[in-house]
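S.K.: Structure in structure tokens, see below.
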Amino acid sequence: MEVETCIETPLGTAIISGDENGITSVSVTKEPKTKPSQDNIPVYLKEAVLQLQEYFNGERDVFDLKLNPSGTEFQKKVWDELLKIPFGKTVSYLDIAKRLGDPKCIRAAATANGKNPLWIVIPCHRVIGSDGSLTGYAGGLWRKKWLLDHENPVKQQSLF
Numbered sequence: 056m057e058v059e060t061c062i063e064t065p066l067g068t069a070i071i072s073g074d075e076n077g078i079t080s081v082s083v084t085k086e087p088k089t090k091p092s093q094d095n096i097p098v099y100l101k102e103a104v105l106q107l108q109e110y111f112n113g114e115r116d117v118f119d120l121k122l123n124p125s126g127t128e129f130q131k132k133v134w135d136e137l138l139k140i141p142f143g144k145t146v147s148y149l150d151i152a153k154r155l156g157d158p159k160c161i162r163a164a165a166t167a168n169g170k171n172p173l174w175i176v177i178p179c180h181r182v183i184g185s186d187g188s189l190t191g192y193a194g195g196l197w198r199k200k201w202l203l204d205h206e207n208p209v210k211q212q213s214l215f
């Protein structure tokens with residue numbers, strides 16, 4: 056049976072769902088939800104809660120969770136490619152299509168990217184336009200910008 060919990064993040068409330076087969080979704084909403092106490096977090100979701108908190112605290116750059124997203128075979132291939140994008144790096148939608156072996160599938164890859172059910176964990180925010188623009192993010196471009204800045208903050212150079 057699928058269960059859910061939520062945590063507050065700098066970008067809104069993250070809603071985490073899953074069962075014994077893995078995490079099925081992580082989404083974000085502006086609406087605050089009643090946060091369960093640490094004692095009431097379903098056992099299947101405790102590790103996801105911990106790892107997401109570590110990510111937002113700047114203590115984690117790779118997730119190690121059992122994932123079980125629902126999608127077509129093509130969508131799952133795209134999501135597998137997204138999982139290969141390193142923390143702090145970006146690729147274009149065209150890069151993803153090429154990695155799938157067909158540059159002409161760019162629109163289908165972009166659509167699959169947009170249907171990613173595992174916000175942040177499958178890093179669809181690391182995919183940008185070929186011209187470097189921040190495009191197409193279901194959670195809002197301001198969240199995409201925040202996540203990219205969080206993963207690759209500009210370091211102030213010393214003047215002396």
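Under this note's numbering, the first residue of the sequence shown carries the number 56, and numbering increases by one thereafter.
Cβ coordinates follow ideal geometry from the N, Cα and C atoms, glycine included.
May I ask you to verify whether the stretch 165–173 touches the stretch 117–134, counting CB pairs closer than 8 Å and requiring at least 3?
M.R.: Touching, yes.
S.K.: Compute the Euclidean distance between the alpha carbons of Ile96 and Ala103, then round it to the nearest angstrom.
M.R.: Roughly 10 Å between the two C-alpha positions.
S.K.: Could you check the C-alpha separation between Val176 and Lys159 for me, to the nearest Å?
M.R.: If I take the Cα positions, the gap works out to 27 Å.
S.K.: Looking only at its own chain, which residues have a Cβ that is under 6 Å from the Cβ of Glu192, when we skip the five neighbours before and after it?
M.R.: Per the sequence presented here, residue 192 reads as Tyr, with Glu not at that position. Excluding residues within five positions, the ones whose Cβ falls inside 6 Å are Lys199.
S.K.: Is Gly73 near Thr84, with beta carbons less than 7 Å apart?
M.R.: Against a cut-off of 7 Å, the Cβ pair of Thr84 and Gly73 comes out as no contact.
S.K.: Start and end of the alpha helix (DSSP H) containing Ala69?
M.R.: Counting along the chain, Ala69 falls outside any alpha helix (DSSP H), though it belongs to the beta strand (DSSP E) covering Gly67 to Asp74.
S.K.: Counting pairs of beta carbons, one from the stretch 146–161 and one from the stretch 109–119, are three or more of them closer than 8 Å?
M.R.: Taking 8 Å as the limit for Cβ pairs, the verdict is that the stretch 109–119 does not touch the stretch 146–161.
S.K.: Where Thr145 and Ile62 are concerned, what is the direct C-alpha to C-alpha distance, given to the nearest angstrom?
M.R.: In a straight line, the C-alpha of Thr145 is about 26 Å away from that of Ile62.
S.K.: Take the Cβ of Val81 as the centre, count every other Cβ of all protein chains shown within 10 Å, and call the residue buried at 16 or more, exposed below.
M.R.: Looking at its Cβ environment, which holds 16 or more other Cβ atoms inside 10 Å, Val81 is buried.
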